[in-house]
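Each remark here refers to the structure printed beneath this line.
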DNA sequence: TATGTGTACTATGTATCATAGTACACTTAG
DNA sequence: CTAAGTGTACTATGATACATAGTACACATA
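Residue numbers (the numbering used here), protein chains in the order written: chain A, 3 to 125; chain B, 3 to 125.
This is the structure in structure tokens:
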């Protein structure tokens, strides 16, 4: 479920955060589902438990999961999360489109490619 | 001409590289224009000359500039650069659109926002 | 009671980034 | 020829982020 790319410049904890964000937003992990324990996930990925804990604390801070003392961490059922993620997405898109226009990409080509890429995505 | 954002996570040398890439691609710096010298730019930005050198060596490797011993560095007149940058841009766009679709952004909203952001860009 | 859970520490090693300083070969203005 | 400015190549040092290693505590549950 979680894969670490050691070629990636992003730190491990950040990769884990983003992966779980996606799984939760897409509904693969439903509300109140129990998350893998810090220690078990660390063992599974062969990394340090502290790294998992760091990822979980960020996910908790962002409202994606909630911890229960002595029991574990669970997926939060917050509908506002999707809206937040959407907001972040449009922020990125705006930056990228700005860059595209600056390097001389035409409006029409930009739209055409966007549509094309959208179709190409495999579910 | 060059501004360093110390709040940015990106390292200084990378910010300098990207800034010059943009200036060259947009044509602000024309072919065979002399680049600021390593030492003078370092002094102007109040950073270490080694940092500038690192940025310049990357720009040279990417074909954006060419060095002349004892004289300085100059802007390369390579037309292929724009195409390369365009290729990189579409790679990023594809990744972003994929993410958008995964979190449930509709095709139409994606296109609408892209067009909107394109219009909003100030030149 | 024993095990598994989240959480909070300290300490250590590593890699990247940036700085500091020095040095050399080259070009050019004087 | 000389001096100043150029790119280039080193070594050394410090700061920071990242990841690991190890320990410890309170809690829930079989």
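Beta carbons: idealized from backbone N, C-alpha and C, even for Gly. Quick caveat: nothing in here was measured; it's all calculated off a predicted structure.
For chain A, is any of its Cβ atoms less than 8 angstroms away from the one on residue i?
i: residue 93/B; result: no
i: residue 6/B; result: no
i: residue 105/B; result: yes
i: residue 79/B; result: no
i: residue 56/B; result: no
i: residue 27/B; result: yes
i: residue 71/B; result: no
Taking C-alpha atoms, which residue in the options lies nearest to residue i?
i: residue 41/B; options: 33/B, 50/B, 35/B; result: 50/B
i: residue 75/B; options: 64/B, 110/B, 37/B, 116/B; result: 37/B
i: residue 34/A; options: 122/A, 80/A, 115/A, 113/A; result: 80/A
i: residue 73/A; options: 55/A, 85/A, 28/A, 39/A; result: 39/A
i: residue 85/A; options: 45/A, 70/A, 28/A, 32/A; result: 28/A
i: residue 110/A; options: 108/B, 113/B, 109/B; result: 113/B
i: residue 107/B; options: 97/A, 71/A, 121/A, 52/A; result: 121/A
i: residue 54/B; options: 17/B, 101/B, 12/B; result: 17/B
i: residue 93/B; options: 52/A, 101/A, 3/A; result: 101/A
i: residue 3/A; options: 71/A, 45/A, 64/A, 21/A; result: 21/A
So who's on the other strand from residue i, going by DSSP bridges?
i: residue 51/A; result: DSSP output for residue 51/A lists no bridge partner at all.
i: residue 19/B; result: Bridge partners of residue 19/B: none, in fact.
i: residue 69/B; result: 75/B
i: residue 36/B; result: 76/B
So, are the CB atoms of residue i and residue j less than 8 angstroms apart?
i: residue 5/A; j: residue 61/A; result: no
i: residue 78/A; j: residue 68/A; result: yes
i: residue 91/A; j: residue 105/B; result: yes
i: residue 119/A; j: residue 43/B; result: no
i: residue 99/A; j: residue 116/B; result: yes
i: residue 15/A; j: residue 57/A; result: yes
i: residue 23/B; j: residue 103/B; result: no
i: residue 66/B; j: residue 83/B; result: yes
Against chain B, does residue i count as a neighbour if the rule is that its beta carbon must be under 8 angstroms from one of theirs?
i: residue 67/A; result: no
i: residue 88/A; result: yes
i: residue 109/A; result: yes
i: residue 18/A; result: no
So which residues of chain B does residue i contact, with C-beta pairs closer than 8 angstroms?
i: residue 32/A; result: The contacting residues do not exist; residue 32/A stays about 15 angstroms from chain B at best.
Give the residues of chain B in contact with residue i, contact being defined as C-beta atoms less than 7 angstroms apart.
i: residue 96/A; result: 119
Kindly list, in the order they appear in chain A, the residues whose Cβ is closer than 9 angstroms to that of residue i.
i: residue 14/B; result: Simply none; closest approach about 16 angstroms.
Whose Cβ in chain A lies nearer than 8 angstroms to the Cβ of residue i?
i: residue 2/B; result: Absent from the structure is residue 2/B, since the part of chain B shown begins at 3 and ends at 125.
i: residue 123/B; result: 99, 100, 103, 104
Under 7 angstroms Cβ-Cβ, which residues of chain A neighbour residue i?
i: residue 24/B; result: 104
Please determine whether the Cβ atom of residue i lies at a distance below 7 angstroms from any heavy atom of the ligand GTP.
i: residue 65/A; result: Of the ligands one can find in the structure shown there are none, so the ligand GTP has no counterpart to examine.
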